[in-house]
Amino acid sequence: DGGITQSPKYLFRKEGQNVTLSCEQNLNHDAMYWYRQDPGQGLRLIYYSQIVNDFQKGDIAEGYSVSREKKESFPLTVTSAQKNPTAFYLCASRPNRVDLGAFFGQGTRLTVV
Amino acid sequence: AQSVTQPDIHITVSEGASLELRCNYSYGATPYLFWYVQSPGQGLQLLLKYFSGDTLVQGIKGFEAEFKRSQSSFNLRKPSVHWSDAAEYFCAVAATDSWGKFQFGAGTQVVVTP
Numbered sequence: 001d002g003g004i005t006q007s008p009k010y011l012f013r014k015e016g017q018n019v020t021l022s023c024e025q026n027l028n029h030d031a032m033y034w035y036r037q038d039p040g041q042g043l044r045l046i047y048y049s050q051i052v053n054d055f056q057k058g059d060i061a062e063g064y065s066v067s068r069e070k071k072e073s074f075p076l077t078v079t080s081a082q083k084n085p086t087a088f089y090l091c092a093s094r095p096n097r098v099d100l101g102a103f104f105g106q107g108t109r110l111t112v113v
Numbered sequence: 001a002q003s004v005t006q007p008d009i010h011i012t013v014s015e016g017a018s019l020e021l022r023c024n025y026s027y028g029a030t031p032y033l034f035w036y037v038q039s040p041g042q043g044l045q046l047l048l049k050y051f052s053g054d055t056l057v058q059g060i061k062g063f064e065a066e067f068k069r070s071q072s073s074f075n076l077r078k079p080s081v082h083w084s085d086a087a088e089y090f091c092a093v094a095a096t097d098s099w100g101k102f103q104f105g106a107g108t109q110v111v112v113t114p
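Just so you know, the protein sequences line up as chains S and X, in that order.
Its first residue numbered 1, the first sequence is counted upward by one per residue in my numbering.
Its first residue numbered 1, the second sequence is counted upward by one per residue in my numbering.
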């Protein structure tokens, strides 16, 4: 089945540690996105990528980093510089035609302990 | 800069009653407009979308939305709500340039009472 896979579903991290969230898609989509979701704040864009080896900062990129070495993969690293990393993280991809909308993974809930 | 406003954070509706969720956007031209639904702890599912043509669009699960350019609005409606419609609903706009950056509203939580 085609889709977007985020792993793990739940992740616990000790304060001060970096952690990487995985996002893989087999939809052959060029564009991929990372969003952070906090209660009452909707989805806020962290990073997005239109093509391999290119990505742009979103609205809240500080404390995060990404890579796009393969079309299928867009991992997000939450660094120790992110002051409040506990959140629900959603990865999305979309085809070249923007009007078709974005397709979302099931999310990763990150908790800093 | 593009932005999306969903004025209602929380709506409670009785099963069988009608539902309308409001969405206002800010964008230089007519953007791509979307409504998504999210069940707890899950990703987002696309309900419907609009870019051009008929301003009343039909989506999945019996939802429809109307685009009103003069009001910069894209409100979501359902004539008769089912208990399974309880979820959080997000309005989104996407830029019409090649980056297609998606911007989401803060969401509206819908509670359905018996």
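All C-beta atoms in this analysis are idealised placements derived from N, C-alpha and C, irrespective of residue type, glycine included.
Legend entry - Cβ-Cβ distance between residue 121 of chain X and residue 32 of chain X below 8 Å: Because chain X spans 1 through 114 in this model, residue 121 of chain X falls outside it and cannot be assessed.
Legend entry - chain X within 8 Å of residue 98 of chain S, Cβ atoms only: yes
Inset, instruction - Please decide whether residue 17 of chain S counts as near chain X, where near means a Cβ-Cβ distance under 8 Å. - result: no
Inset, instruction - Rank X/30, X/67, X/71, X/20 by C-alpha distance to the C-alpha of residue 112 of chain X and give the top, closest one. - result: X/20
Inset, instruction - Flag this pair as yes or no: are the beta carbons of residue 31 of chain S and residue 41 of chain X separated by less than 8 Å? - result: no
Inset, instruction - With hydrogens ignored, establish whether the beta-carbon of residue 58 of chain X is closer than 7 Å to any heavy atom of the ligand PLP. - result: As far as ligands go, the structure on display features none, and thus does not contain the ligand PLP.
Inset, instruction - Report the partner residues of residue 96 of chain S according to the DSSP bridge assignment. - result: DSSP lists no partner for residue 96 of chain S.
Legend entry - Extent of the continuous beta strand (DSSP E) run through residue 69 of chain S: Looking at the DSSP string, residue 69 of chain S is not in any beta strand (DSSP E), and its letter there is neither H nor E.
Legend entry - 6 Å CB neighbourhood of residue 59 of chain X in its chain, flanking five on each side removed: 47, 48
Inset, instruction - Would you decide whether residue 65 of chain X is buried or exposed? Buried here means 16 or more other CB atoms lie within 10 Å of its CB. - result: buried
Legend entry - Proximity below 8 Å, CB of residue 93 of chain X to CB of residue 4 of chain X: yes
Legend entry - Limits of the unbroken beta strand (DSSP E) element including residue 45 of chain X: 44-50
Inset, instruction - Could you tell me whether any Cβ in chain X is nearer than 8 Å to the Cβ of residue 94 of chain S? - result: yes
Inset, instruction - Closer than 8 Å by C-beta to residue 61 of chain S: which residues in its own chain qualify, once you throw out the five before and the five after it? Chain order, please. - result: 46, 47
Legend entry - Given residue 110 of chain X as reference, the closest of X/62, X/53, X/39, X/61 once Cα atoms are compared: The shortest C-alpha separation from residue 110 of chain X is found at X/39.
Legend entry - beta strand (DSSP E) segments (min. 3 residues) lying fully within the region 10-91 of chain S: 10-13, 19-25, 31-37, 43-51, 54-57, 64-66, 76-78
Legend entry - Nearest candidate by alpha-carbon position, reference residue 107 of chain X, set X/76, X/83, X/114: X/76
Legend entry - Closer than 8 Å to chain X by CB, residue 104 of chain S: yes
Legend entry - Validate contact between the region 91-110 of chain S and the region 8-25 of chain S using beta carbons, cut 8 Å, 3 pairs: Contact holds between the region 91-110 of chain S and the region 8-25 of chain S, because three or more Cβ pairs, one in each stretch, are under 8 Å apart.
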